[in-house]
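> Numbering (my numbering), first residue to last: 32 to 458. Backbone N, C-alpha and C define an ideal beta-carbon position, used for all residues, glycine too. Let me give you the structure first, and then I'll get to my questions.
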Amino acid sequence: MVNNIEETDAVPKSVEELLRRKIKIKKGGSLPAMSEMLAVISHRMHNYGRRSAKPYEKDCGRYLRALLPALHPSLKPKAVNPALVRELEEFRDMFRVPYPAPRRPRFTFIDLFAGMGGFRLAMQKYGGRCVFSSEWNPDAQKTYFANFGEVPFGDIADPRIKSYIPDDFDVLCAGFPCQPFSIAGISKKNSLGRAHGFLDKTQGTLFFDVAEIIYCKRPKVFFLENVKNLQSHDKGRTFRIISDTLQELGYTIHYQVMDGRSFVPQHRERIMIVGFRNDLYRGQETFSFPKLRKRSRRIGDILDSEVHPKYTLTDKLWAYLQTYALKHKASGNGFGYGLVDLDGISRTLSARYYKDGSEILVPQEGSNPRRLTPRECARLMGYEDRYRIDAVSEVQAYRQCGNSVVVPLIMAVAKNLVKSMLRDGTE
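So this is what it looks like as structure tokens:
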């Protein structure tokens with residue numbers, strides 16, 4: 032196995048470097064990508080000594096025997112074991128993170144389409160221990176690892192990846208891809224002549240992968256999140272298929288459109304879907320969505336007092352945005368830039384924000400407006416300043432924030448979910 036790995040640069044000092052490092056598998060090798068090997072190893076380490084470690088054990092040993100001698104030439108493959116990994120410097124990063132798992136967990140969960148880990152932050156806050164995570168984007172995997180010490184698995188539609196999911200976890204969390212159902216996503220796909228919703232074979236059908244996992248693993252509860260437009264897409268047929276599917280799987284579902292503006296200074300409406308297993312709760316769970324309070328934060332609250340001049344729009348870009356807005360205003364539509372009121376809230380942050388920042392621009396006295404910094408975007412989504420966004424480029428940080436959930440909103444729903452799950456469930 033060792034001969035299947037070819038070194039291309041210096042010995043890494045951390046798992047983050049391993050994720051960036053180009054270690055190639057020589058022709059004839061049978062090892063997966065580095066990210067998948069690290070996903071198996073990190074999941075094995077975090078579940079060490081628990082039943083949930085079982086799906087990772089076999090491949091973890093195989094990958095360690097292949098990987099470690101390449102990193103430590105003096106190490107013999109037979110000497111490799113999980114206990115040794117915890118002593119090696121490049122793997123200690125798995126346990127030195129801002130958001131470690133709770134020492135005495137109250138329940139377990141899995142984190143699908145994990146992104147930056149907004150669901151994980153919420154579930155860990157109320158005592159949950161994550162036993163499986165997946166996220167296909169390599170840059171989001173780096174951010175997730177930097178904060179939780181775990182590399183998520185890749186494409187959840189791959190049966191091989193699904194085979195790693197442990198049995199007997201309590202909650203399934205999934206903010207499944209929303210582009211096929213979002214207003215912006217539909218407009219873009221229509222302009223390109225492409226299908227959307229369930230006809231989008233690359234993203235729209237991922238809901239059915241979630242449904243398959245629910246069917247096979249039978250969690251006590253699931254917690255799904257998507258764009259507001261999911262409820263009205265295709266004249267309501269899309270959501271009817273989703274709700275019917277979940278109910279046919281044996282769950283009582285609760286859903287509500289909620290606006291993140293109650294928790295952060297941003298207008299961001301999303302539909303929350305929570306389901307409780309009928310044979311455990313008999314439809315008598317006491318769960319209810321939290322009552323949304325009046326807005327308490329203003330956009331000025333999340334801004335830094337001083338920012339680098341690079342975030343200020345150039346004269347050329349500012350002139351273009353103003354001309355673009357006037358053109359669309361004359362055509363009778365509302366497309367244009369969004370200059371925020373510092374005492375108010377912003378528009379919805381999008382994944383394309385890095386391009387020109389047009390939907391949320393901060394006015395500056397005596398100067399062109401500026402875009403938000405990546406850290407300000409993270410605050411706009413409810414992430415604490417200790418949350419790490421520096422494991423990737425600024426462009427990727429912007430994208431990840433735009434695709435994220437509003438963390439305090441997810442936490443508010445999770446609080447009620449966990450309370451009801453632990454109090455109302457019967458075996």
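#1: If you count every other CB in all the chains shown that lies within 10 Å of the CB of Glu337, and 16 or more means buried, which is it?
#2: Taking the DSSP output, what are the residues bridged to Met125?
#3: With a threshold of 16 other CB atoms inside 10 Å of the CB of Ala461, please say whether the residue is buried or exposed.
#4: Is it a yes or a no for the region 146 to 165 touching the region 111 to 126, going by three-plus beta-carbon pairs under 8 Å?
#5: Please tell me whether Arg75 and Glu88 are closer than 8 Å, where the distance is taken between their beta carbons.
#6: Taking the alpha carbon of Gly375 as the reference point, which residue from Tyr418, Gly159 and Leu392 has its own alpha carbon closest?
#7: Determine the burial state of Leu223: buried for a count of at least 16 other Cβ atoms within 10 Å of its Cβ, exposed for fewer.
#8: If you check the beta carbons only, do His298 and Arg378 fall under 8 Å apart?
#9: Report the residue ranges of all beta strand (DSSP E) runs contained in full by the region 309 to 397; include only those spanning at least 3 residues, in chain order.
#10: What's the gap between the Cα of Leu311 and the Cα of Tyr130?
#11: Between the Cα of Leu69 and those of Thr343, Lys85, Val46 and Arg82, spot the shortest distance and give me the residue it belongs to.
#12: On the three-state DSSP scale, how would you describe Ala64?
#13: Measure the alpha-carbon distance for Val155 versus Gly397 and round it to whole angstroms.
#14: How far does the alpha helix (DSSP H) with Asn168 in it reach, from first residue to last?
#15: Determine, using beta carbons only, whether Val241 and Leu143 come nearer to each other than 8 Å.
#16: Which residues mark the beginning and the end of the alpha helix (DSSP H) in which Tyr94 is found?
#17: By the DSSP assignment, the alpha helix (DSSP H) with Thr269 in it spans what residues?
#18: For Ser24, collect the residues of the same chain with a Cβ closer than 6 Å to its Cβ; drop the 5 residues on either side in sequence, then sort them by chain order.
#19: Just tell me which of Thr276, Gly291 and Lys386 has its CA closest to the CA of Arg326.
#20: Tell me whether Thr345 is buried or exposed, calling it buried when 16 or more other Cβ atoms sit within 10 Å of its Cβ.
#21: Could you name the residues of the same chain whose beta carbon sits closer than 7 Å to that of Asp178, not counting the 5 residues immediately before and after it, in chain order?
#22: May I ask which residues mark the beginning and end of the beta strand (DSSP E) holding Ser105?
#23: Only counting the same chain, and skipping five residues up and downstream in sequence, which positions put a Cβ closer than 8 Å to that of Arg329?
#24: Output the distance between the C-alpha atoms of Leu348 and Asp387, rounded to the nearest integer angstrom.
#25: Return the chain-ordered list of same chain residues with a C-beta closer than 7 Å to the C-beta of Val423, the five sequence neighbours on each side being excluded.
#26: Who are the Cβ neighbours of Tyr342 in its own chain at under 7 Å, not counting the five residues just before and after it?
#27: To the nearest angstrom, how far is it from the Cα of Trp167 to the Cα of Arg151?
#28: So, at 7 Å on beta carbons, what are the nonlocal neighbours of Tyr157 in its own chain, with the 5 sequence-adjacent residues on each side left out?
#29: Does the Cβ-Cβ distance between Leu380 and Leu334 come in under 8 Å?
#30: Do Ser73 and Gly185 have their beta-carbon atoms positioned less than 8 Å apart in this structure?
#31: Which residues does DSSP list as the beta-bridge partners of Asp142?
#32: Is it buried or exposed for His264, if we count other Cβ within 10 angstroms and need 16 for buried?
#33: Buried or exposed, going by whether 16 or more other CB atoms sit within 10 Å of the CB of Ser339?
#34: Let's test the definition: count the other Cβ atoms within 10 Å of the Cβ of Asp198 and tell me whether it reaches 16, buried, or not, exposed.
#35: Whose C-beta lies closer than 6 Å to the C-beta of Glu316 among residues of the same chain, with five residues either side of it excluded?
#36: So, is Thr269 buried or exposed, given that buried needs 16 or more other C-beta atoms within 10 angstroms?
Here's the rundown:
#1: Within the sequence shown, residue 337 is the residue found at index 306, counting from 1. When all chains shown are included, Glu337 counts as exposed.
#2: The residue given as residue 125 occupies position 94 in the sequence shown. None; Met125 has no bridge partner.
#3: Absent from the structure is residue 461, since the part of the chain shown begins at 32 and ends at 458.
#4: no
#5: Walking along the sequence shown from the start, residue 75 turns up at place 44. Walking along the sequence shown from the start, residue 88 turns up at place 57. Against a cut-off of 8 Å, the Cβ pair of Glu88 and Arg75 comes out as a contact.
#6: The count along the sequence shown starts at 1 and reaches residue 375 at position 344. For the residues Tyr418, Gly159 and Leu392, the minimum Cα distance to Gly375 belongs to Leu392.
#7: The count along the sequence shown starts at 1 and reaches residue 223 at position 192. With a pLDDT of only 39 at Leu223, under the threshold of 50, the placement of this residue in the model should not be trusted, and no figure is reported.
#8: The residue you call residue 298 lines up with position 267 of the sequence shown. The residue you call residue 378 lines up with position 347 of the sequence shown. Yes, these two residues count as a Cβ contact at 8 Å.
#9: 392 to 395
#10: If you number the sequence shown from 1, residue 311 lands on position 280. If you number the sequence shown from 1, residue 130 lands on position 99. Looking at the two C-alpha atoms, the distance is approximately 31 Å.
#11: Position 38 of the sequence shown, counting from 1, holds the residue named residue 69. That would be Val46, whose Cα lies nearest to the Cα of Leu69.
#12: What you label residue 64 is simply residue 33 of the sequence shown in a count that begins at 1. DSSP places Ala64 in coil when its eight states are reduced to three.
#13: Numbered from its first residue, the sequence shown carries residue 155 at position 124. Numbered from its first residue, the sequence shown carries residue 397 at position 366. Reading the sequence as shown, one finds Gln at residue 155 and not Val. Approximately 45 Å between the Cα atoms of the pair.
#14: Residue 168 sits at position 137 when you count from the first residue of the sequence shown. That residue, Asn168, is in no alpha helix (DSSP H); it is neither H nor E in DSSP.
#15: One-based indexing of the sequence shown puts residue 241 at position 210. One-based indexing of the sequence shown puts residue 143 at position 112. Against a cut-off of 8 Å, the Cβ pair of Leu143 and Val241 comes out as a contact.
#16: The count along the sequence shown starts at 1 and reaches residue 94 at position 63. Start and end: Lys85 to Leu102.
#17: As a working note, residue 269 is residue 238 in the sequence shown. From DSSP, the alpha helix (DSSP H) with Thr269 extends over Arg268 to Glu279.
#18: Residue numbering for the chain in the displayed model covers 32 to 458; residue 24 lies beyond these limits and cannot be assessed.
#19: On the sequence shown, position 295 is the one that residue 326 refers to. Checked all of Thr276, Gly291 and Lys386; the closest Cα to Arg326 is Gly291.
#20: As a first step, residue 345 is located in the sequence shown; it is residue number 314 there, counting from the start. The residue in question, Thr345, is exposed, as its Cβ has fewer than 16 Cβ neighbours within 10 Å.
#21: As a first step, residue 178 is located in the sequence shown; it is residue number 147 there, counting from the start. Note that residue 178 is Asn in the sequence shown, not Asp. The answer, listed in chain order, is Val128, Pro129, Tyr130, Gly148, Tyr418 and Arg419.
#22: Here residue 105 is taken as the residue at index 74 of the sequence shown, counted from 1. Ser105 -> no beta strand (DSSP E), and no H or E assigned at all.
#23: One-based indexing of the sequence shown puts residue 329 at position 298. For Arg329, where only same-chain residues beyond five positions count, the Cβ hits under 8 Å are Pro296, Leu373, Asp374, Gly375 and Ile376.
#24: In the sequence shown, residue 348 corresponds to position 317, counting from 1. In the sequence shown, residue 387 corresponds to position 356, counting from 1. Rounded to the nearest angstrom, the two C-alpha atoms are 8 Å apart.
#25: Working through the sequence shown from its first residue, we reach residue 423 at position 392. Asp170, Lys173 and Thr174.
#26: In the sequence shown, the residue the question calls residue 342 occupies position 311. Here the set comprises Arg401, Arg402 and Thr404.
#27: Sequence index remark: in the sequence shown, residue 167 carries index 136 (1-based). Sequence index remark: in the sequence shown, residue 151 carries index 120 (1-based). Going by the C-alpha atoms only, they are around 16 Å apart.
#28: As a working mapping, residue 157 is identified with position 126 in the sequence shown. Here the set comprises Ala445, Lys446 and Val449.
#29: Numbered from its first residue, the sequence shown carries residue 380 at position 349. Numbered from its first residue, the sequence shown carries residue 334 at position 303. For Leu380 and Leu334, no; Cβs fall outside 8 Å.
#30: By one-based count along the sequence shown, residue 185 stands at place 154. By one-based count along the sequence shown, residue 73 stands at place 42. Not in contact: Gly185 and Ser73 (Cβ atoms no closer than 8 Å).
#31: For the purposes of this step, residue 142 is taken as residue 111 along the sequence shown, with counting starting at 1. Paired residues: Ser164 and Cys204.
#32: Here the question's residue 264 lines up with position 233 in the sequence shown. Buried: at least 16 other Cβ atoms inside 10 Å.
#33: Translated into positions along the sequence shown, residue 339 becomes position 308. Correcting the residue type first, residue 339 is His in the shown sequence and not Ser. Counting Cβ neighbours within 10 Å, His339 comes out exposed, since fewer than 16 surround it.
#34: Walking along the sequence shown from the start, residue 198 turns up at place 167. When all chains shown are included, Asp198 counts as exposed.
#35: The residue you call residue 316 lines up with position 285 of the sequence shown. Hits under 6 Å: Phe307, Ser451 and Asp455.
#36: Residue numbering aside, residue 269 sits at position 238 when the sequence shown is read from its first letter. Buried: at least 16 other Cβ atoms inside 10 Å.
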